[in-house]
């Protein structure tokens with residue numbers, strides 16, 4: 559997609575080089591597109607609330623872990639729980655960025671969506687408790703990470 563086309567508010571991204579317009583000859587379809595844009599704006603507003611709530615949760619989790627005995631010390635499980643809370647907020651921020659990019663350009667940022675999925679699965683791996691999960695679960699997660707990594711690489715290679 560050329561840079562001039564990225565600013566056109568009436569284009570949806572299907573795949574590189576295959577754009578189509580959301581403008582229609584049918585007024586009913588145009589109304590439906592406006593409803594969808596309104597729904598996406600509502601999702602963006604709700605995501606901001608989730609992010610703010612998530613920040614509050616990070617503060618609360620960190621506070622709880624620090625005031626519990628031993629005072630001001632964190633165990634490895636405490637650190638992992640804190641990392642999990644931080645990463646959940648970062649994933650929410652990535653989703654918000656996806657939503658706002660769509661609102662600005664009517665383009666679905668496929669590479670950013672895959673990167674967000676990679677971040678989400680990475681969060682899962684970081685907070686794994688290997689004493690409680692099965693080897694099959696680890697292998698399945700590894701397959702998802704590999705598939706997403708290959709997908710991201712292919713998308714990045716194609717856009718260059």
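In our numbering, the protein residues as written are 559 to 718. The beta-carbon is built from N, C-alpha and C at its ideal position, and this holds for glycine as well. Because the structure is a prediction, the values reported are computed rather than measured.
Worksheet item: Secondary structure at residue 654, three-state DSSP: helix, strand or coil?
Response: Three-state result, residue 654: helix.
Item to complete: Check whether the region 578 to 597 touches the region 616 to 634, taking contact to mean three or more Cβ pairs, one atom from each stretch, closer than 8 Å.
Response: Touching, no, given that fewer than three Cβ pairs across the two stretches are closer than 8 Å.
Practice prompt. Have a look at residue 634 and residue 681 and give me their C-alpha separation to the nearest angstrom.
Written response: C-alpha separation (whole angstroms): 16 Å.
Fill in: Bounding residues of the alpha helix (DSSP H) (the contiguous stretch that carries residue 700)
Here the alpha helix (DSSP H) through residue 700 covers 693 to 717.
Worksheet item: In three-state DSSP terms, what is residue 673?
Response: Here residue 673 carries a helix assignment [DSSP, helix/strand/coil].
Discussion item. Relative to the C-alpha of residue 667, which candidate in 714, 631, 630 has its C-alpha closest?
Written reply: The residue with the shortest Cα to Cα distance from residue 667 is 714.
Discussion item. For residue 628 and residue 646, what's the separation of their Cα atoms in angstroms?
Written reply: The straight-line gap separating the alpha-carbon atoms of residue 628 and residue 646 is approximately 26 Å.
Practice prompt. Kindly indicate the opening and closing residues of the alpha helix (DSSP H) around residue 590.
Written response: First-last of the alpha helix (DSSP H) with residue 590: 585 to 625.
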